[in-house]
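Okay, so the sequence shown: first residue is 50 according to the numbering used here, each after it adds one.
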Amino acid sequence: MGVTIVMFPGPLESHSVPMIELSNRLLRHHADLNITILLSRNAATRPLTPRLSFIELPYVEPSTGAQMNLAETLIGHVDRLKPVVADALASILNTNVAVPAFVVGMFGTTMIDVAADLGVPAYIFFTTSATGLGVFLHLPVVDSKYKEDEWRAHMEGIDVAGLHMVPPLDFISVLGYKQSPAYTWFLNSSRQYVKAQGIIVNSFNDLETKALEALAQGAYLPAGHTMPSIYPVGPLLGLDGRQAEFADHPCIKWLDGQPNSSIVFLCFGGMGTFSTEQAREIALGLELSGHGFLWSLRVQSGSKETDLQAALPDGFLERTKSLGLVWTESAPQVSILAHPAVGGFVTHCGWNSVLETMWFGVPMVGWPLYAEQRLNAFVLAKELGILCGRLKKEEDDDEALVEAKDVGETVRRLMEEEEGRRAREKTLRMKELGRKAVEEGGSS
Numbered sequence: 050m051g052v053t054i055v056m057f058p059g060p061l062e063s064h065s066v067p068m069i070e071l072s073n074r075l076l077r078h079h080a081d082l083n084i085t086i087l088l089s090r091n092a093a094t095r096p097l098t099p100r101l102s103f104i105e106l107p108y109v110e111p112s113t114g115a116q117m118n119l120a121e122t123l124i125g126h127v128d129r130l131k132p133v134v135a136d137a138l139a140s141i142l143n144t145n146v147a148v149p150a151f152v153v154g155m156f157g158t159t160m161i162d163v164a165a166d167l168g169v170p171a172y173i174f175f176t177t178s179a180t181g182l183g184v185f186l187h188l189p190v191v192d193s194k195y196k197e198d199e200w201r202a203h204m205e206g207i208d209v210a211g212l213h214m215v216p217p218l219d220f221i222s223v224l225g226y227k228q229s230p231a232y233t234w235f236l237n238s239s240r241q242y243v244k245a246q247g248i249i250v251n252s253f254n255d256l257e258t259k260a261l262e263a264l265a266q267g268a269y270l271p272a273g274h275t276m277p278s279i280y281p282v283g284p285l286l287g288l289d290g291r292q293a294e295f296a297d298h299p300c301i302k303w304l305d306g307q308p309n310s311s312i313v314f315l316c317f318g319g320m321g322t323f324s325t326e327q328a329r330e331i332a333l334g335l336e337l338s339g340h341g342f343l344w345s346l347r348v349q350s351g352s353k354e355t356d357l358q359a360a361l362p363d364g365f366l367e368r369t370k371s372l373g374l375v376w377t378e379s380a381p382q383v384s385i386l387a388h389p390a391v392g393g394f395v396t397h398c399g400w401n402s403v404l405e406t407m408w409f410g411v412p413m414v415g416w417p418l419y420a421e422q423r424l425n426a427f428v429l430a431k432e433l434g435i436l437c438g439r440l441k442k443e444e445d446d447d448e449a450l451v452e453a454k455d456v457g458e459t460v461r462r463l464m465e466e467e468e469g470r471r472a473r474e475k476t477l478r479m480k481e482l483g484r485k486a487v488e489e490g491g492s493s
């Protein structure tokens, strides 16, 4: 009888990539193990071994609504997938294989009940930071402490066990306001986490020592609750073959002609878009900085101008053609960060991007846009001290426009001043520690 671990990452590709890498790592260490991943979309990568298989779930119409934000749409979609996930897991069990674990993504807590009904131990794979997990688990405590109208009044920060005071907007950006459906779901989901057999975290001991120790001690939980086992397994990156694949990409070819450490790379994830007004401020700021740049730009579909020439300041592309490259299609981020010409990274602070840039030792400037990215920026700046500035400040709401002078000054600090040098040293140290963590006998 075979042994198979079943995994369900949820509908986000950014959560599928580290789960696939987790699977590959487990398979490398356990020759008698098979893993099946349940996907609600086609796999973005091919399995490296026949012991890893994908099952594409039947299509389920996503939840939609005029007033639904991204988090609410995602949460609704996962809940609607519950019956098809239950059917898929039951079908695997009916083949007489042993299933010692069902691993669900961080938004899949409703699937814990599915596993319990079928007698399978459930584990949660938390794809972002250990500090973010602590904040999430601490939500019931914060919820009982603050009333709705007190959130913004606590501008000195929200008190979360073992951390610097978390700025209210950084806290709210992850969880929403108390009256929102997303907040209610996160609150209930936080209470569900303690039902899991264990929680797997895409981080490593030397990166988030304090947060991982606090998690192990149950410091973030309400009184009377027991913390599941915590397994830091990061950094999980899914790098296999990706650099060679893009060796002839136009962005890489352009970088090949640039001096080492001379280029600042700007990229904001698959959903990171800007208004035309903000894109123009970024462009002017890059020009003011005087530094070479590679900018992966996506203009919001609702903007008046979608043509690149129209979306940027008059003459910008002509004036900067010897200095930079604006790229409007999907950019090979890993290959770009690995390139010796790249000396800095302006990032949305998605956790996958954070781990990738640390893996290659590239110092960062934070520009968080959505989801948990504001909290990640807080962690990088205040808890870890490796962020060289933050363009979307702690006090800025989502609509605040970042001005050109701030962009230019921050890029100069990153690329030529002492603050950038210190950030590079700290990031290179994390590069060394991260690689040691995943070596044979390492902490992950």
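We put the CB at the ideal spot given by N, CA and C, even for glycine.
Computed from a prediction, not measured in an experiment: that's the story for all the values here.
Could you give the residue range of the alpha helix (DSSP H) that holds residue i?
| i | result |
| --- | --- |
| Val191 | 188 to 194 |
| Phe365 | 365 to 368 |
| Asn73 | 62 to 78 |
| Pro132 | 131 to 142 |
| Trp408 | 400 to 408 |
| Ser239 | 230 to 241 |
| Met160 | 160 to 166 |
| Pro149 | Counting along the chain, Pro149 falls outside any alpha helix (DSSP H), and DSSP gives it neither H nor E. |
| Pro299 | 299 to 305 |
| Gln278 | Per the sequence shown, the amino acid found at residue 278 is Ser instead of Gln. Ser278 -> not in any alpha helix (DSSP H); beta strand (DSSP E) instead, spanning 278 to 281. |
| Leu87 | Not the alpha helix (DSSP H): Leu87 falls in the beta strand (DSSP E), residues 82 to 88. |
| Asp219 | 217 to 224 |
| Leu357 | 357 to 360 |
Please list the terminal residues of the continuous beta strand (DSSP E) segment that includes residue i.
| i | result |
| --- | --- |
| Thr258 | Run containing Thr258: none in the beta strand (DSSP E); it sits in the alpha helix (DSSP H), 258 to 265. |
| Leu436 | 436 to 439 |
| Met247 | First, the amino acid is wrong: residue 247 is Gly here, not Met. Its beta strand (DSSP E) spans residues 247 to 250. |
| Phe494 | Beyond the ends of the chain as shown, which are 50 and 493, falls residue 494; an answer cannot be given. |
| Phe57 | 52 to 57 |
| Ser178 | Element bounds for Ser178: n/a, residue is neither H nor E. |
| Phe103 | 101 to 105 |
| Val414 | 413 to 415 |
Determine, using beta carbons only, whether residue i and residue j come nearer to each other than 9 Å.
| i | j | result |
| --- | --- | --- |
| Gln358 | Thr325 | no |
| Met479 | Gly392 | no |
| Leu287 | Ser493 | Here residue 287 turns out to be Gly, not Leu, going by the sequence shown. Their beta carbons are not under 9 Å apart, which means Gly287 does not touch Ser493 by this criterion. |
| Glu257 | Ser178 | yes |
| Ser345 | Gln382 | yes |
| Ile86 | Ser63 | no |
| Met413 | Ala472 | yes |
| Ser384 | Cys300 | yes |
| Leu218 | Gly318 | no |
| Glu367 | Ala453 | no |
| Ile161 | Ile248 | no |
| Ser278 | Val313 | no |
| Ala15 | Arg439 | Outside the displayed span of the chain (50 to 493) sits residue 15, for which this structure offers no information. |
| Ser65 | Leu88 | yes |
| Leu553 | Val163 | The structure shown does not extend to residue 553, since the chain is modelled only from 50 to 493, so the question has no answer here. |
| Cys316 | Ala265 | no |
| Val52 | Pro149 | yes |
| Leu142 | Val169 | yes |
| Leu285 | Arg470 | no |
| Leu343 | Trp303 | yes |
| Ala387 | Asn309 | no |
| Phe156 | Gly225 | no |
| Ser311 | Gly341 | yes |
| Gln495 | Val190 | Since the first and last residues shown for the chain are 50 and 493, residue 495 lies out of range. |
Throw me the rounded Cβ distance for the residue i and residue j pair, which I believe falls under 8 Å.
| i | j | result |
| --- | --- | --- |
| Gln422 | Cys398 | 4 Å |
| Met56 | Val127 | The Cβ separation is near 14 Å, so there is no contact. |
| Trp234 | Ile124 | 5 Å |
| Val134 | Pro107 | Actually they are not in contact, since the Cβ atoms of Val134 and Pro107 sit about 10 Å apart, beyond 8 Å. |
| Leu82 | Ile54 | 7 Å |
| Val428 | Thr476 | That pair is no contact at about 14 Å. |
| Met68 | Gly154 | 7 Å |
| Thr176 | Ala260 | About 15 Å; that fails the 8 Å criterion. |
| Trp416 | Lys442 | The Cβ separation is near 10 Å, so there is no contact. |
| Ala245 | Ala147 | About 19 Å; that fails the 8 Å criterion. |
- Determine, using beta-carbon pairs with one atom in the region 182 to 192 and one in the region 258 to 276, whether at least three such pairs fall under 8 Å. At 8 Å Cβ cutoff, the stretches touch.
- Item | Inter-stretch contact (C-beta, 8 Å, three-pair minimum) for the region 251 to 263 and the region 441 to 457 | Touching, no, given that fewer than three Cβ pairs across the two stretches are closer than 8 Å.
- Scan the region 373 to 399 and note each continuous beta strand (DSSP E) run of 3 residues or more that stays entirely inside, going in chain order. The region 373 to 399 contains, as complete beta strand (DSSP E) runs of 3+ residues, the segments 373 to 376, 391 to 396 (chain order).
- Curious, which full-length alpha helix (DSSP H) runs of at least 4 residues does the region 308 to 348 contain? Qualifying alpha helix (DSSP H) stretches, in chain order: 325 to 338.
- Message: Threshold first: 3 residues or longer. Then list the beta strand (DSSP E) segments lying entirely within the region 427 to 481, N to C.
- Response: Correct list: 436 to 439.
- Would you check if there are 3 or more beta carbon pairs closer than 8 Å linking the region 405 to 419 to the region 373 to 380? Output reads no: the region 373 to 380 does not touch the region 405 to 419.
- Hey, is the region 211 to 219 in contact with the region 237 to 249, meaning 3+ C-beta pairs nearer than 8 Å? With the cut-off at 8 Å, the region 211 to 219 and the region 237 to 249 do not touch.
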